[in-house]
Structures are given as C-alpha cells and as structure tokens.
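Colleague: This is the structure I want to talk about, given as structure tokens.
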C-alpha cells in the first residue's frame, strides 16, 4: 500500500517529530529485576528526572527462546556473571498482571507508558490495555508477522534497526506498511550492551532519514553516558531511547550500562538544548549578532580630511570598525565618487555622504 509522507505524528498528546523537542523514552526494560515494587520506584524516578515517557518489555522466556539453557555472560569486565539465558529472562520478566497498574502509575505522574511485545500474544495483550504506541525491538527485524500485526494495530510504531542489513530493514518496513502502519519512528541502534563508541555510526541517522523520508528518525542508545544522544539530536534524531536504572551497581544484565536518574535528568536537559541549538540550517545574521554586526565588523573610514566635492581615492580610505557604514567589499563603488560636504578624518562613510 502507498502512504503519504508523514514526518510527524502524535503519541497521546505529544507531538513526535516535525520540529518538536526530542521525545525521550526512558527504557525501564528489565531493570526492575522482576520486582513490581521496584518497577513502580523506577516510574517515580523517571518522572522526577523529567522523562515524558517510560517503556517496559513484555515477554516470557518461552516466547523468546528455543535454547534456554544457553549460557551467557554479562557485567563489567573482570566482574562478569554467567547464567543460563532462559532462567534469566523468566527471572526478569514483568508479570502481565502488573502492566496495567504500572501504566496507570506512569499516567498519574504525567508520563506516556507503553511496552515492547516479544510475541503476537504480548502485542495483543498490550493493545487490549490501550497503550498509545508500540515499540518493536531490533531482534524482531526479521519477523514480518509481528511487524504486520504491529502495523495493523493502528498505533504509532517505534522500531529499532540494530543488527540488521539494509535489505532486511527494507523488508521489515514493507511489513509494517503492509499491516497498515502510518506513524513510524525508525531508530538507529547498535545492538551491543554497552555499545562501543567507535561503532556507533551516528551518521546512519541521516541515511535513514534519506531512505525513509516518511518516518521520524531517532536513536536507541545503548552507549554509556550522554554524548551519543546529544550528538544524535544534532544529526537529526527526534526520538531518543535510553535504558534507565535506579543504581548502576544493582545486580542484573542491564544495570551497569544504563543511566541512573541523575544521568537521565542530564540527558533530557542536554538533548533539549542540543535540539534548540540545531536551528533550521539557514546562513545569515542571527538576531543575537545584530549588535556585534553594528559595532564589530569593518566599514570604510576616511583616512584624512576631505574637502567638499573631493573625489575619493583608495588612499583616502581605511577599513576599521564599527560596522554600520559602507562595507569594505563596496570600496570599488566608492572610489571615484565625490563627497557632498567637508568630511573630517575618522568619518565612517555612509552612502548619503557621497554624490
């Protein structure tokens, strides 16, 4: 199906894209550690940090894995933890029964709340709860059935493209559109935890904007710190997703590379400032430069006194500040003309002095 270009849409009352401030999604993910009370504390911490949106993940190990006994390692170098991936996911899963209360809590705190479904059943469950948007993880780039179902939901879809080829991404975008998706935010993503700075390839954000001009582009940021998010906004990102935790020292696979509430607060402030700095790309004199333009660029100044009617020569002129007179670039238009009246040394030439 064909769709008209749309570079902006709304999630709830929030405009996303179209020049609006960056939509920052605080990704709680698994950092509640399967503890519903901790999930509520994270909602409060995100609200206190100034987040407009929080996101969870909706899964069970059975919905994700055929190899639940596979061993994985996570944590800081030299302090890694090894465990079987299936039991880990079950330990970290947010109970379906807790979603509604957490979404309601977020709404009470003035935030938008939604989740990433990792199965068709989870997607149907979330739609039934009335979520205002869906997030599709980069791990599901190659699952057209889920993408079509997300598109068919009628909800805005935020979609990460990590660990995929351009060809796979194009097929995924076709699946979203085939399902009926009109409002899409496509996030550049480096699916490594944490993401190494030298592989972030943030210029891919501009590539995505060029390839898919009808979508809003952004960054799902798994790097450590705030630099990538700020740089991404400068490069055109209008959605930023960042993992958050109460404490980076907590025990769990995602805490150590996530942002704590203080860092989240700084990130939100920084990306808003970066967005304000981005401007519209036009070249010219900014309003704040008007006084400097008036006083600190150069004008043609009379080097020595000139009698009334004298013909101006190059030797009669010097380029000095202030900047409100005839610009040196117009010197050739001044030479050979007469001054209307006696002109003292140091006079800033203006066109009304010339005949």
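Numbering (the working numbering), first residue to last: 1 to 355.
C-beta atoms are modelled at their ideal positions from N, C-alpha and C, and glycine is treated no differently.
1. Is it right to say residue 46 is buried, meaning 16 or more other beta carbons lie within 10 angstroms of its own, or is it exposed?
2. What is the rounded straight-line gap between the Cα of residue 106 and the Cα of residue 56?
3. Do residue 308 and residue 340 come within 8 Å of each other at the CB atom, strictly closer than that value?
4. With a 10 Å radius around its C-beta and 16 neighbouring C-beta atoms as the bar for buried, classify residue 324 as buried or exposed.
5. Please classify residue 81: is it buried, with 16 or more other beta-carbons within 10 angstroms of its beta-carbon, or exposed?
6. Under 8 Å by Cβ, that's how I've got residue 218 and residue 238 pegged, so tell me the actual separation to the nearest angstrom.
7. Can you tell me whether residue 333 is helix, strand or coil according to DSSP?
8. Helix, strand or coil for residue 103 per DSSP?
9. Once the 5 residues before and after residue 258 are set aside, which same chain residues still bring their CB inside 7 Å of it?
10. What are the complete alpha helix (DSSP H) segments, minimum 4 residues, inside the segment 94–157?
11. Could you check which residue in 235, 51, 38 and 331 has the C-alpha nearest to that of residue 209?
12. Starting from the Cα of residue 172, find the closest Cα among 125, 128 and 137 and give me that residue.
13. Specify, as a first and last residue, the run of the alpha helix (DSSP H) that residue 301 falls within.
14. Taking DSSP's pairing of strands, which residues face residue 71 in a bridge?
15. Buried or exposed for residue 160, going by 16 or more other Cβ atoms inside 10 Å?
16. Residues in its own chain within less than 7 Å of residue 346 by CB, not counting five upstream and five downstream?
17. Looking only at C-alpha atoms, which of 86, 63 and 64 sits nearest to residue 73?
18. Just checking, does the segment 141–158 make contact with the segment 114–133 on the three C-beta pairs under 8 Å criterion?
19. For residue 327, name the three-state secondary structure that DSSP assigns.
20. If I measure Cβ to Cβ from residue 230 and keep anything under 7 Å in the same chain, skipping five residues before and after, which residues do I get?
Modeller: From the atom records:
1. Residue mapping note: residue 46 aligns to position 46 of the chain shown, counting from 1. Label assigned to residue 46: buried.
2. Counting from one through the chain shown, the residue named residue 106 turns up at place 106. Counting from one through the chain shown, the residue named residue 56 turns up at place 56. Taking the straight line from one Cα to the other gives about 11 Å.
3. One-based indexing of the chain shown puts residue 340 at position 340. One-based indexing of the chain shown puts residue 308 at position 308. Going by C-beta atoms, residue 340 is nearer than 8 Å to residue 308.
4. Translated into positions along the chain shown, residue 324 becomes position 324. Exposed, by the Cβ-count rule.
5. Against the chain shown, residue 81 aligns to sequence position 81. Classification for residue 81: exposed.
6. On the chain shown, residue 218 is found 218 positions in, with the first residue counted as 1. On the chain shown, residue 238 is found 238 positions in, with the first residue counted as 1. With a Cβ gap of about 6 Å, residue 218 and residue 238 count as contacting.
7. Taking the first residue of the chain shown as 1, we reach residue 333 at position 333. Correct three-state label for residue 333: helix.
8. The sequence position of residue 103 within the chain shown is 103, counting from 1. Helix, per DSSP.
9. The residue labelled residue 258 in the question sits at position 258 within the chain shown. Excluding positions up to five away in sequence, the list reads 31, 243, 244, 245 and 248.
10. 96–108, 120–129 and 144–152
11. For the purposes of this step, residue 209 is taken as the residue at position 209 of the chain shown. The candidate whose alpha carbon is nearest that of residue 209 is 235.
12. Locating residue 172 in the chain shown gives position 172, where the first residue counts as 1. Among 125, 128 and 137, the Cα nearest to that of residue 172 is on 137.
13. In the chain shown, residue 301 corresponds to position 301, counting from 1. That residue, residue 301, is in no alpha helix (DSSP H); its beta strand (DSSP E) goes 299–302.
14. For the purposes of this step, residue 71 is identified with residue 71 of the chain shown, where counting begins at 1. DSSP, once it has assigned bridges, lists 84 as partnering residue 71.
15. Residue mapping note: residue 160 aligns to position 160 of the chain shown, counting from 1. Classification for residue 160: buried.
16. By one-based count along the chain shown, residue 346 stands at place 346. 301 and 302, listed in sequence order.
17. In the chain shown, counting from the first residue as 1, residue 73 sits at position 73. Selected option, being the one with the closest Cα: 86.
18. yes
19. Counting from 1 along the chain shown, the entry for residue 327 is found at position 327. Residue state, collapsed to three classes: coil.
20. Taking the first residue of the chain shown as position 1, residue 230 is located at position 230. So the list reads 270, 271 and 274, once near-sequence residues are dropped.
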